Structures are given as structure tokens and as C-alpha cells.
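Student:
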Ligand SMILES: Cc1cc2nc3c(=O)[nH]c(=O)nc-3n(C[C@H](O)[C@H](O)[C@H](O)COP(=O)(O)OP(=O)(O)OC[C@H]3O[C@@H](n4cnc5c(N)ncnc54)[C@H](O)[C@@H]3O)c2cc1C
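Residue numbers (the numbering used here): 1 to 847.
(1) What residues in its chain sit with their C-beta under 8 Å from that of residue 587, if we drop five residues either side in the sequence?
(2) Within its chain, find whatever has a CB closer than 6 Å to the CB of residue 448; leave out the 5 residues flanking it on each side and keep chain order.
(3) Would you tell me roughly how many angstroms separate the C-alpha atoms of residue 320 and residue 335, rounded to the nearest one?
(4) What residue range does the alpha helix (DSSP H) around residue 123 cover?
(5) How long is the line joining the alpha carbons of residue 512 and residue 577, rounded to whole angstroms?
(6) Tell me the residue span of the alpha helix (DSSP H) that contains residue 798.
(7) If you reduce the DSSP assignment to three classes, tell me which class residue 526 lands in.
(8) Would you say residue 314 touches ligand 1, meaning its beta carbon is less than 7 Å from a heavy atom?
(9) As an exercise, report each continuous beta strand (DSSP E) stretch of at least 3 residues that is fully enclosed by the segment 419 to 474, in chain order.
(10) Excluding the 5 residues preceding and the 5 following residue 105 in the sequence, name in chain order all residues of the same chain whose CB lies nearer than 7 Å to its CB.
(11) Given residue 366, which residues of its chain have a CB within under 6 Å of its CB, disregarding the five upstream and five downstream residues?
(12) Buried or exposed for residue 400, please, with buried defined as at least 16 other CB atoms from any protein chain shown within 10 angstroms of its CB.
(13) Just checking residue 82 against ligand 1 - is the residue's beta carbon closer than 7 Å to any of the ligand's heavy atoms?
(14) Determine the burial state of residue 470: buried for a count of at least 16 other Cβ atoms within 10 Å of its Cβ, exposed for fewer.
(15) Distance cutoff 8 Å, beta carbons only. Does residue 124 sit that close to anything in chain C?
(16) Excluding five sequence neighbours on each side, which residues of the same chain lie with their C-beta closer than 6 Å to the C-beta of residue 502?
(17) In chain order, which continuous runs of the beta strand (DSSP E) of length 3 or greater are located wholly inside the segment 276 to 363?
(18) What separation, rounded to the nearest whole angstrom, lies between the Cα atoms of residue 842 and residue 652?
(19) Which residues bound the beta strand (DSSP E) around residue 411?
(20) Consult DSSP for residue 707 and reduce its assignment to one of helix, strand or coil.
(21) Taking only three categories from DSSP, how would you classify residue 257?
(22) Does DSSP put residue 15 in a helix, a strand or coil?
(23) For residue 847 and residue 443, I'd like the C-alpha separation in whole angstroms.
(24) Ordered along the chain, which non-local residues of its own chain (more than five positions away) have a Cβ less than 8 Å from that of residue 404?
(25) Leaving aside the five residues before and after residue 786 along the sequence, list all residues of the same chain whose C-beta is less than 7 Å from its C-beta, in chain order.
(26) Just to confirm the assignment, what range does the alpha helix (DSSP H) spanning residue 671 have?
(27) Would you mind sorting residue 836 into buried or exposed? The rule is 16 or more other CB atoms within 10 Å of its CB.
(28) Helix, strand or coil for residue 823? Go by DSSP, reduced to three states.
(29) Judging by CA-CA distance, which residue of 476, 484 and 499 is the nearest neighbour of residue 490?
(30) Would you say the beta carbon of residue 309 is closer than 7 Å to some non-hydrogen atom of ligand 1?
(31) Residue 235: beta carbon under 7 Å from a heavy atom of ligand 1?
(32) Quick one, which of 800, 732, 231 and 812 has its alpha-carbon nearest residue 764's?
(33) Cutting at 8 Å between CB atoms, please list the residues of its own chain near residue 378, excluding the five before and the five after it.
(34) How many Å lie between residue 2 and residue 352 at the Cα?
(35) Identify, in the order they occur along the chain, each residue of the same chain with its Cβ nearer than 8 Å to the Cβ of residue 827, setting aside the five sequence neighbours on each side.
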């Protein structure tokens, strides 16, 4: 029995790479009275960290994951546990060769060294590889391996020697106590009060779950949910390999990811580790992970199921026949190892929405563990991690996304895509449809091609609009390359042009709708919004939400419906995060309730020059410009319904968002549809709303342009005055306004789409922006320039890109280039700042 403290400022559960990193960073940030608990012995308590292959590839298409990996690698280097080995991804198919080129171009955007190599060049660095099996490879020289157990020990010991930490090995958490006494910041599960361990109880108000694959089990002890599932990843170790007999240290040859087979080969001393993501998805219930006593090896090293591995091994042998086929070598170790998978592949970090003081830092790999530990510690300390990790925010999930059925379905679907060629627009197949709006059947009958957003089925375009193609001939910017025409249709561009000519009806049911009400409602919204919220009833305000460091935390509109009632409308994907953020930031003593009313309201968007004549056919209310100005909302009687009409636009046209109770949405759709026919109304999808219409107007999107890495000044979104009232991030924002911006968000247009083969190519986003010398542009804060959004601008006849450029390069008319699939395409800075490319004076909106 350990001698345990009876009280702690925070109890951290799990001493894998994540828990150790977290206590290290908390201690560095000044936290004391920390307790780290693990049911296993140190230094290898039996979690996934103890048997990882421990390699790190620096490249990821997600900027967040790339930055977390970069930070982690730096930390491993500082701890002296990183060995650079270099690493390949090799291609067996032409399609993969293109994908590798894409990865090399993406690497350039983040200044990650990468180059394409011929099979012979690959063999020069990996002399035991049969180059006849491959078409080529991408080489990443900064790939390396780490000693993650040693790193954990060093970090833990650092926190101990700082006098900040008590470590309790061999101590199991048996329960997490909560109090639901009204002091839990409105959480359904109240707040944490204590943890119960096999060695006694510890009182605490903060408990952090860093339990890898066990995390859902721990969360459930407190009545919370963590959306991850354990899943098997098979790995074997083959040895002794004669060729490795005399090589020094742990690794002398580059790691090889045989990505077309979903496998990797990594030298480990005298052995070769071979890992596979090619086998069937094997989901394991967190409750059925064996205890330390029951486990043959460790709880996360389940018995190997040979049949699942054999087919891939045979193919892997082709690549390295001499090594893996060496008869003197045998399989010395083989496991069904456990890793965590989440529905979207990202970690799960943050305070749980259900229980105050209960945090999750889960679903991290070795490669991003220390970075995640640091980010979580910063978040717990100041509320704003330096790296923007909102894509990992635990509160990003809607209730259905937390269900076991959803988590396991998406984990199963995602598992074999681990090394897959995944298109940026690729849609999930499992669990659909889940959320459908009232016009769903009508839309399906119109040939809607549905994409999913936050579980909602949203039309992306309508096949019934195909006849528009002929009408718009010559202005559609058709794409011949398969990659760019995948998950796209020229009908999107035709819908866009038709909207600009007449009007379009767009289903926006996926909006998240939050009501803030009560005597303190104004104070509550004022405290989170940058914009002045003390406005007349009936005003609609577009505003950013900032974190304490002045980074973007949200981007939404707020309607003032009454003296004491505001309605917040935000994106479906960010709705739960915004809900938690706003709820958490209701000032103490402020009498305001924040409620999610998303499922009560459906929204239809009606935009285009003929929108008013259509609306007028179903209402007798005054919706003229004089009667209802831009930026206002009011309830109108229309087609026998009471409709909340909000006159704003994300597509740059006259029009309205029309809100009715969910069950009345079908009737509103029908009324608008019928009224619109004489005016040429068409249904239009989110392809227009989210891309073409938006980009022509230079409207910024949260997560693309609006992230924690840039600020309101750089995004060109400052207002002339800063409101007198305090709000989250105000001090940082005031200081940002004092500095000249290091980067400026610009609209670029592609000058020439012809690739070296003569085919016209249309970049999709993420491409590096290059200066005349071919180097990626970098601002004075070290941030590289990359395309944050890309898409057609059919009305301006240009392919439009948004990108932050160093201030000195943000000059209209400046010629630059982007790299796409290894080739350079000339681009021009069309707009520096936020002036729209289309209708710069906004005449079409304010009429
Ligand atoms: C075969 C294999 C190879 C891998 N190779 C790589 C690789 O090359 N690169 C890479 O980046 N990642 C790799 N990974 C993934 C990586 O190992 C994990 O993602 C990572 O180790 C997770 O770290 P963690 O700290 O979150 O969890 P863990 O290391 O699993 O730690 C969780 C801890 O929580 C403790 N715990 C659980 N329940 C309780 C309780 N009730 N009370 C007290 N303590 C509890 C456990 O004992 C455990 O020590 C690999 C995984 C596998 C399976």
C-alpha cells in the first residue's frame, strides 16, 4: 500500500507518454500538489507506450497534428531521446506516386524536408529493398525514433524534483466522485470532488484522464464520455537479422512505410519490426481489456491472431525478401497491440462538457504526446494553448457522435485509411443518414448529393440542376483531372451563376442555434463577443469570439430578439464547442441561461437578386430595403407561418435566412419553392454557400482562415472602435491593434492552370505560397504562407485562393506562385485585405 496524499490540486491518471508529459508541463507552469497515478509499475506500467514502435513522421495534412508532432519532436530532442533515421513512404501504384508528390508539396507548406526519389535512389538508402516492387518513394530525412519510456521517466522525474509531483505506481483508480450541488458551472454531472484509488481516496477538484485506450472507462466513472475506442494494431518483430548484426545503436536504416499495403518496416536493433493497418478492424471494448494479472504480456499486448497478419506478411516479404525471408530469422515477438481511435481520427482534449474539473487528454500517439501534454497544460493554466487544438476539443461531438455505435463504426471505417489516399472532400459512409432536416425528402427527389456535417445530411449540389450546365457553358471552369473532380461537380458552379442571376434556396438546417436568455443575457454575450452587443432589438451582429491570447475561438452571428434574449447561430460542426465556450464564460453572478435549440429550428436561405420578389409573394410584410435593412431580423407572417427572417448573407446577395420550427420546415420549403418558380428559383447546395459564393466575397471561415494562429488585424476584420465593455481576449486584441500585422489575409487568383502535361489543374487548398525564388513565403513571426481555402469563383471567372501573406508581400498585383503536386502555378494577389473580389461595394447585398 502506498502512502498517499489526501488532497491534490490535480490528479493525473495514467503514466504513459501523455500523463508524464502533462505533469512535466504543469510543473513547469508552476503547478504544485500534483499526483500522478497508474495501476501499473514504473517505468512501464503496461499501456500502449510500453510497446510502441516509437517512430515519428513529421508530415500530416492537418496543421494541428503537424504542429503537435513538430513540438513533440523538439521536446524529445531536448530530452536526448530522439534518433534521426530518415523515413520513406514508397509507392507500388501510379496513384500513390501522385499522392506522395502531394505529400511532398504539403511538406513544403510546413517547411518539412521532403523529396521524391526513384526506386534506385530508395535502394541506395535502404539496400535490402527490392526496387523492382516500387515505382518510387517520398523521403523524409527528419523522420526519427524515440525512447518514449525514457522520455516519460525524465519528464516525471523533472516534475518530482521541482517538488510538484507525487507519483503513485501500482495504484488503481476505482472511482471518481462528483458533487451535483449547483457548483458545477451548469454541468449535468456536477463537478469533481475526489478520486478513489486502491490505496485510498484523494480529494481534488481536478482530475485528468490520460489513460489511452482505457479512457472511456475512466470517464464513465464520473458520468462523462470520451469518444474513443480501443482497436487492434498488429505488430511483429522479426530477427535476428544478419544484416543488422553490426549496425550501431537502435536504428541505422530509414524506416519504410509500405503505404499501399498499409504496413511499415522499422529496424529495431537486430530485429525488424513490421506493423500492419491492413487487417480487418478489430474493435475491443475498453471494459474487456485484461488486468495486469490476467494479461499474458501486458494489458495492451493482446494475443496475436496470425491469420489476420499472414496475407500482408506475404506481400511485405516481396519488398524486403532477403531480410524478412531470411530463414535464420524468426518471429520473436508478435502482438495485437491496442491503440485509441476516435470518430474523426483526432485526439480528445479538454474539460468534459458533463463534469466540471474532469479533463481528458486522450487518443494521442507517441509522435504528438509531449506536444499534447504541453498544449493541455497551457489550456488548463491560461485557457489558451499556443498551438490551436480546437480540432481536438472534447466538446466537438454532438450526442449521437458519442455513442458506442458511432465511435466504433467510424473507427472501423477509418482504420484501413490510416495510410490511405484520402481526398479532402471524402465523405464518411457509416451511420448515415442520422440527422435529416424537414426538406430531406424533397431534396432527395431533386437529386441532392448529400454531404455530412455534424451528422446532418446537407445537399452539396442537386443533379436536377444539370440542365443549367448548358445555359452556363463557357463559364463553368470544368475540371478534367480525376482528383479535383472527385467530390465535386460543375453543377455547383452552375448553381452559383443561377443564384447570381435569379435566386437560390439553400438548406441551412445544419446550423447550430443557441439561445442566451435571462436578465444577464446581454452581459453574457457581451463578455464573449468582440462586437458591441448592446444594440437595438432586431439587429443581427456578425462577430468573432476570441480566446485569452486573442486567437479565434468562434465566428458566428447573434440576433437580439428581446432586451433579455439573444439567438446565436453558428456552424453545425462548431456548435457544441461554441455552446461549451459560451456557457463556461458566462460571468460569475450573471443571471443568464445558455441553451441549445438546434433541434427546434430549421433554416432556409433565400438569396439572389430576385429573392425579395419571391419572399414578397408569400408575405405581406414590408421586406423592402427601407422596411427591413441589411443586418436586421424580425418575425414575419409568411405562408401561414411565423417566420424569423434575418437579412444577412454569406454568398454576397440580397436575401434572408428564414427560421421556422423544425416541423414547419417542409411547408416553408414548399411555399418558397412555388413562389420562386416564376422567378427562376433553383435549389442550391453547400458547394455554393460554403465555397464559391463565400470565396468571391472573401468571407473568412472558422478553422480555415480563422484559427488561433492569426488575429483579427491580420484577417482584416478589425472594427474602427473597440467596445468599452470587457470581453474575453480584449487585452490581447488591443495589443494586436497596436502592432503592424506580420501577415495579411489576401485573395489570390490563379493565372495559369496548365500543368506540364497541358492538363488544367485546380488546387484544393493547403498548397504552399512561394516567392520568386521558389521558397515558401514566411512572415516575421516564422509562419509560412499556405492556401487556407480554394475554390471556383464562377462570376469572376477565376479560381480563388485565400492565404495569409507576409505583410511585405501583401501587395495587390504582386505575382507569386503556389506549388501543387510538385509543379508551380503562377498566382496574383488580387486583394490584400477583406475587400470582396465580387461586388466590392456590396451593392448587391445592401439594396
Ligand atoms: C504496436 C503499436 C505500435 C505503435 N507504434 C507507434 C509509433 O511508432 N509511433 C507513434 O507515434 N505511436 C505508436 N503507437 C501508438 C502509441 O503507442 C499510443 O498512442 C501511445 O502510447 C498512447 O499513450 P498514452 O499515454 O495516451 O496511453 P498509455 O501509454 O496506454 O498509458 C495509459 C496509462 O493509463 C493507465 N491506467 C489505465 N486505467 C487506469 C486506472 N483505472 N487507474 C490507474 N491507471 C490506469 C495504464 O496503466 C497506462 O499506463 C503504437 C501503438 C501500438 C499498439
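The beta carbon of each residue, even a glycine, is placed where N, CA and C say it ideally should be. Just so you know, these numbers come straight off a predicted model, no measurement behind them.
Tutor: Reading it off the structure:
(1) One-based indexing of the chain shown puts residue 587 at position 587. These residues qualify, in order along the chain: 520, 523, 524 and 527.
(2) In the chain shown, residue 448 corresponds to position 448, counting from 1. These residues qualify, in order along the chain: 459 and 462.
(3) The sequence position of residue 320 within the chain shown is 320, counting from 1. The sequence position of residue 335 within the chain shown is 335, counting from 1. One C-alpha to the other measures close to 21 Å.
(4) Your numbering for residue 123 matches position 123 in the chain shown. Where residue 123 is concerned, the enclosing alpha helix (DSSP H) stretches over 119 to 125.
(5) As a working mapping, residue 512 is identified with position 512 in the chain shown. As a working mapping, residue 577 is identified with position 577 in the chain shown. Rounded to the nearest angstrom, the two C-alpha atoms are 10 Å apart.
(6) Position 798 of the chain shown holds residue 798. From DSSP, residue 798 is part of no alpha helix (DSSP H) but of the beta strand (DSSP E) over 798 to 806.
(7) Within the chain shown, the letter at position 526 stands for residue 526. In the structure shown, residue 526 sits in a helix (DSSP, three-state: H, G or I).
(8) Your numbering for residue 314 matches position 314 in the chain shown. Residue 314: no, Cβ never under 7 Å from ligand 1.
(9) 448 to 453 and 456 to 462
(10) Reading the chain shown from its first residue, position 105 is the one you call residue 105. The residues are 767, 768, 819, 820, 821 and 822.
(11) One-based indexing of the chain shown puts residue 366 at position 366. Closer than 6 Å at Cβ, skipping near neighbours: 17, 52, 54 and 148.
(12) Locating residue 400 in the chain shown gives position 400, counting from the first residue. Answer is exposed; the Cβ neighbour count stays below 16.
(13) Here residue 82 refers to the residue found at position 82 when the chain shown is read from its first residue. No, the Cβ of residue 82 stays beyond 7 Å of every heavy atom of ligand 1.
(14) In the chain shown, the residue the question calls residue 470 occupies position 470. Exposed: under 16 other Cβ atoms inside 10 Å.
(15) In the displayed structure, chain C is absent; only one protein chain is listed.
(16) Translated into positions along the chain shown, residue 502 becomes position 502. Hits under 6 Å: 608, 610, 679 and 680.
(17) 330 to 341, 348 to 351 and 358 to 362
(18) Taking the chain shown and counting its residues from 1, one reaches residue 842 at position 842. Taking the chain shown and counting its residues from 1, one reaches residue 652 at position 652. If I take the Cα positions, the gap works out to 7 Å.
(19) As a first step, residue 411 must be located in the chain shown, where it is residue number 411. Residue 411 -> not in any beta strand (DSSP E); alpha helix (DSSP H) instead, spanning 404 to 415.
(20) As a working mapping, residue 707 is identified with position 707 in the chain shown. Residue 707: coil per DSSP, three-state reduction.
(21) Here residue 257 refers to the residue found at position 257 when the chain shown is read from its first residue. DSSP places residue 257 in strand when its eight states are reduced to three.
(22) Locating residue 15 in the chain shown gives position 15, where the first residue counts as 1. DSSP places residue 15 in coil when its eight states are reduced to three.
(23) Walking along the chain shown from the start, residue 847 turns up at place 847. Walking along the chain shown from the start, residue 443 turns up at place 443. Each residue's Cα considered, the two are about 30 Å apart.
(24) Counting from 1 along the chain shown, the entry for residue 404 is found at position 404. Excluding residues within five positions, the ones whose Cβ falls inside 8 Å are 229.
(25) What you label residue 786 is simply residue 786 of the chain shown in a count that begins at 1. Cβ neighbours of residue 786 beyond the five flanking positions: 109, 766, 767, 768, 769 and 803.
(26) One-based indexing of the chain shown puts residue 671 at position 671. Residue 671 -> alpha helix (DSSP H) spans 665 to 676.
(27) As a position in the chain shown, residue 836 is number 836, starting the count at 1. So residue 836 ends up on the buried side.
(28) The count along the chain shown starts at 1 and reaches residue 823 at position 823. It is a strand residue.
(29) Position 490 of the chain shown, counted from the start, is the residue given in the question as residue 490. Nearest C-alpha to residue 490: 476.
(30) Residue mapping note: residue 309 aligns to position 309 of the chain shown, counting from 1. No, Cβ of residue 309 sits at least 7 Å from all heavy atoms of ligand 1.
(31) In the chain shown, residue 235 corresponds to position 235, counting from 1. Yes.
(32) Mapped onto the chain shown, residue 764 falls at position 764. Among 800, 732, 231 and 812, the Cα nearest to that of residue 764 belongs to 800.
(33) As a first step, residue 378 is located in the chain shown; it is residue number 378 there, counting from the start. Excluding residues within five positions, the ones whose Cβ falls inside 8 Å are 25, 29, 384, 385 and 386.
(34) Counted from its first residue, the chain shown places residue 2 at position 2. Counted from its first residue, the chain shown places residue 352 at position 352. Confidence at residue 2 is low in this model, with a pLDDT of 49, below 50, so the placement of that residue should be treated as unreliable; the coordinate-derived value is given next. Whole-angstrom Cα-Cα distance: 29 Å.
(35) Position 827 of the chain shown, counted from the first residue, corresponds to residue 827. Closer than 8 Å at the Cβ level, and outside the excluded window around residue 827, lie 748, 749, 750, 751, 769, 801, 815, 816, 817 and 818.
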